[in-house]
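> What the sequence shown shows, in the UniProt record's numbering, is residues 1 to 131, in sequence order. Once you've had a glance at the structure underneath, I'll fire off some questions.
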Amino acid sequence: PPPSGMEIIASGMVVFGKLTAGSETCRLGNSLTITLTGTRPSNAVLSPPAPSVKGIDVNGGVISLHGKRFYRTWTRLSQTVEAGSDILMLQDSINWEVGQEIVLITTAMKDSRDWHQNEVLQVAEIYQDSP
């Protein structure tokens, strides 16, 4: 994160009380990055999860994070994206920013942790109309 931001690095977290950053009336102006280290757990169910398990477990607690409000946190593609294309045409107007990461979700019937076609993409340019 930029020097003005905050970063939490952990293999896992368990929230019993409150994890709060910003509020509805006083939103965070800087970045907050939570980095979970290590490998993801196997498909085994751990109950309750140990803090060393990669993930954030909210056990009777509350997570309340308030940063910049982005309108349309999700939208649909308005046109099919051909393989290799780097332009996405969206159905709705958005206020995303250059440098943000978005996730393009598969439309395949089977979508699981180990078999999916989801992609993490970084916003490089934003056009209000067709480029």
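Glycine included, C-beta positions come from ideal geometry on N, C-alpha and C. Predicted model only: the values in this text are computed from it and were never measured.
Assign residue 201 to one of three DSSP states: helix, strand, or coil.
Summary: the structure shown does not reach residue 201, with the chain confined to residues 1 through 131, and so no result is reported for it.
> Relative to the C-alpha of Q100, which candidate in T80, Q79, I126 and N118 has its C-alpha closest?
I126
> Are the CB atoms of residue 135 and L104 nearer to each other than 9 Å?
Residue 135 falls outside the range modelled here, since the chain spans only 1 to 131, and no answer is possible.
> Could you tell me how far apart the beta carbons of D57 and V123 are, in whole angstroms, since I believe they sit closer than 8 Å?
Not a contact, Cβ separation roughly 31 Å.
> Please report the Cβ distance between T107 and I94, rounded to the nearest whole angstrom; I am assuming they are in contact, meaning their Cβ atoms lie under 8 Å.
T107 to I94, Cβ: 20 Å. No contact.
> Would a C-beta distance cut-off of 9 Å place G60 and F16 closer than the cut-off?
yes
> Which one of G5, L65, D86 and V98 has the shortest CA to CA distance from E24?
For the options G5, L65, D86 and V98, the alpha carbon positioned closest to that of E24 is the one of L65.
> Could you tell me whether the Cβ atoms of G12 and L32 are closer together than 9 Å?
For G12 and L32, no; Cβs fall outside 9 Å.
> From G29 to F70, what distance separates their C-alpha atoms?
Cα to Cα, the separation comes out at about 13 Å.
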